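Numbers 1 to 252, taken from UniProt numbering, label the letters of the sequence shown in order.
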Amino acid sequence: MTHTPSVVLEPKYYLTNFTTLLSGVKGLYQDLLNESEQQWLARFYALEEDEQCLLVRMMTRKGEWFRSDKLRYSELTNPETLLANLALSGFVDLALPDSPKLLADTLLTKRELLALFPKLPKSLRKSELVALLPEQMPHSVSTLPFQVIRLVDNQILPMFCLLFFGNRYQEFAQFVLENLGIHKFEQYEISIKTRLFHTREELDSSFCISEMSLRYEEINRKSREDLIEFSQLVPAPHANMPTECIRNSLPQ
Numbered sequence: 001m002t003h004t005p006s007v008v009l010e011p012k013y014y015l016t017n018f019t020t021l022l023s024g025v026k027g028l029y030q031d032l033l034n035e036s037e038q039q040w041l042a043r044f045y046a047l048e049e050d051e052q053c054l055l056v057r058m059m060t061r062k063g064e065w066f067r068s069d070k071l072r073y074s075e076l077t078n079p080e081t082l083l084a085n086l087a088l089s090g091f092v093d094l095a096l097p098d099s100p101k102l103l104a105d106t107l108l109t110k111r112e113l114l115a116l117f118p119k120l121p122k123s124l125r126k127s128e129l130v131a132l133l134p135e136q137m138p139h140s141v142s143t144l145p146f147q148v149i150r151l152v153d154n155q156i157l158p159m160f161c162l163l164f165f166g167n168r169y170q171e172f173a174q175f176v177l178e179n180l181g182i183h184k185f186e187q188y189e190i191s192i193k194t195r196l197f198h199t200r201e202e203l204d205s206s207f208c209i210s211e212m213s214l215r216y217e218e219i220n221r222k223s224r225e226d227l228i229e230f231s232q233l234v235p236a237p238h239a240n241m242p243t244e245c246i247r248n249s250l251p252q
């Protein structure tokens, strides 16, 4: 029996994948990117390599809120300095959320929550404790053993993936499958004439519908009211075929 040799990924393989994604997007859709996206690209290319790496690490994780003690990667040194530079460049915000409920729900363990609010009943589940939190942030929040980070512009990667893949079902993780030899991208020529999107309106419509498709998976589909409210958000038919394919995947 022959064994396929294991693939060892380079320490910063994800940055290589991300720059490949950006090159593809710029090559085909530079003219459709809005001013904010153009500026984001310019700011990204102005970063040092390790700053780019930490930013991509956050962008490819779930959500927009992070804690600094969970952003430790062997290939990156001095993460505190990297975060400070990313904040200066406008890629992350290091301020606390306005709501204790948001902080507790997204970043705190039950033990940490009770340490901040010691008067809460310890027998309750975390979700029940979160529901009891006040509107005001306690002074003791300054004792948290980590820095709170919010990723700014967290819709950039989904937008670029939509442009690169032409859909939202393929995500950035698809590159890793390619790296490991599990999946190979099809090789074919795409030009500005044959690209999927030709106007910003087509792109925005497709992105909006893709977001709705994802949201549909999260709503209570047993609730008639929720389904009616959702159906009223479904946009009208569009002349662009990729947009229509996504729209037709939504419940009618």
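For glycine and all other residues, C-beta sits at the position ideal for the given N, C-alpha and C. Everything numeric in this text was worked out from a predicted model, so none of it was measured.
- For the set Leu82, Ser123, Ser68 and Leu88, the Cα lying nearest the Cα of Leu108 is the one of Ser68.
- In the three-state reduction of the DSSP assignment, Arg150 falls in the strand class, which pools E and B.
- Annotated three-state conformation of Asp93 is strand, per DSSP.
- Taking the C-beta atoms as reference points, Glu37 is found nearer than 8 Å to Ile156.
- With a beta-carbon spacing of about 4 Å, Asp93 and Arg150 fall inside the 8 Å limit used to define contacts.
- A Cβ-Cβ contact shorter than 8 Å links Phe66 with Met58.
- Bridge partners of Trp65 according to DSSP: Arg150.
- In the same chain as Leu132, and ignoring 5 residues on each side of it, the C-beta atoms closer than 7 Å to its own belong to Leu120, in chain order.
- Rounded to whole angstroms, the separation of the alpha carbons of Arg61 and Asn220 is 25 Å.
- With distances taken between CA atoms, Pro79 lies nearest to Gln147 out of Ser205, Val25, Gln147 and Leu214.
- Annotated as distal: Leu41 and Leu86, with beta-carbon spacing of 8 Å or more.
- Counting only the Cα atoms, Thr106 lies some 34 Å from Glu202.
- Along the length of the UniProt domain "Fanconi-associated nuclease 1 SAP" (106-137), whole beta strand (DSSP E) runs at least 3 residues long do not occur.
- By the neighbour-count definition (other C-beta atoms within 10 Å, threshold 16), Asn154 is an exposed residue.
- Between the alpha carbons of Gly63 and Val152 lies a gap of roughly 11 Å.
- Judged by DSSP secondary structure, Tyr216 falls within the alpha helix (DSSP H) whose first and last residues are Arg200 to Tyr216.
- Cβ contact annotation for Phe160 (same chain, cutoff 8 Å, sequence separation greater than five): Leu21, Leu22 and Val25, in chain order.
- Under the criterion of beta carbons closer than 8 Å, Leu113 and Ala104 qualify as touching, at roughly 5 Å.
- With a contact defined as Cβ atoms closer than 8 Å, Leu233 and Tyr29 miss out at about 26 Å.
- Taken through DSSP and simplified to helix, strand or coil, Thr194 comes out as coil.
- No Cβ-Cβ contact shorter than 8 Å links Leu83 with Arg200.
- Taking the C-beta atoms as reference points, Lys101 is found no nearer than 8 Å to Lys126.
- A distance below 8 Å separates the beta carbons of Leu15 and Gln52.
- Assignment of Ala46 by DSSP, reduced to helix, strand and coil, places it in the coil class.
- With fewer than 16 other beta carbons inside 10 angstroms of its own, Asp98 counts as exposed.
- For the pair Phe165 and Pro138, the CB atoms are not nearer than the 8 Å cut-off.
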